[in-house]
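Trainee: In my numbering, the protein residues as written are 168 to 253.
Think of the CB as a built atom: it goes at the ideal place given N, C-alpha and C, for glycine as much as any other residue.
Since the model is a prediction, treat every value here as computed from it, not as a measurement.
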Amino acid sequence: VRTRAAGDKPENGVFWESAGEGEYTVADITKNDRGTEITLHLREGEDEFLDDWRVRSIISKYSEHIAVPVAIERRVEKDGGAVRSW
168 VRTRAAGDKP ENGVFWESAG EGEYTVADIT KNDRGTEITL HLREGEDEFL DDWRVRSIIS
228 KYSEHIAVPV AIERRVEKDG GAVRSW
């Protein structure tokens, strides 16, 4: 997760990383654009999270209280390159 609150300086960004095993690291970063970027790396067998509707359902469930829109950009690795879709 890379995030920076609106109104904060770019050098006030935060990087948060976890392998999903109970521990995580947090570091200060420079992030020029405001907002939050979440990158998921899926384990083998977790294909249900490749389904757009499943991901949107989870995001809706946990972000209904947020007053700003959530945009979803999907990057899929194909033939050695990344393809973006919305």
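Compare the beta carbon distance of Val235 and Ile226 with 7 Å and say whether it is the shorter of the two.
Mentor: Reading the sequence shown from its first residue, position 68 is the one you call residue 235. Reading the sequence shown from its first residue, position 59 is the one you call residue 226. Cβ atoms of Val235 and Ile226: not closer than 7 Å.
Trainee: Could you give the C-beta distance for Lys198 and Gly180, rounded to a whole number, given that I count them as a contact under 8 Å?
Mentor: On the sequence shown, residue 198 is found 31 positions in, with the first residue counted as 1. On the sequence shown, residue 180 is found 13 positions in, with the first residue counted as 1. Rounded, the Cβ-Cβ distance is 3 Å, consistent with contact.
Trainee: Would you kindly work out how many angstroms separate the C-alpha atoms of Arg221 and Gly189, rounded to a whole number?
Mentor: The sequence position of residue 221 within the sequence shown is 54, counting from 1. The sequence position of residue 189 within the sequence shown is 22, counting from 1. Straight-line Cα distance between these residues: approximately 24 Å.
Trainee: Out of Arg171, Glu231, His208, which has the shortest C-alpha to C-alpha gap to Arg241?
Mentor: Looking up residue 241 in the sequence shown gives position 74. Cα-wise, what sits closest to Arg241 is His208.
Trainee: Under DSSP, the beta strand (DSSP E) around Phe223 begins and ends at which residues?
Mentor: Here residue 223 refers to the residue found at position 56 of the sequence shown. Going by the sequence as given, residue 223 is Arg instead of Phe. It is not in any beta strand (DSSP E) - Arg223 instead sits in the alpha helix (DSSP H) that spans 219-230.
Trainee: Would you kindly check if the distance between the Cβ of Glu184 and the Cβ of Thr192 is under 7 Å?
Mentor: In the sequence shown, the residue the question calls residue 192 occupies position 25. In the sequence shown, the residue the question calls residue 184 occupies position 17. Against a cut-off of 7 Å, the Cβ pair of Glu184 and Thr192 comes out as a contact.
Trainee: Give me the DSSP bridge partner(s) of Thr206.
Mentor: As a first step, residue 206 must be located in the sequence shown, where it is residue number 39. Answer is none; Thr206 lacks a bridge partner.
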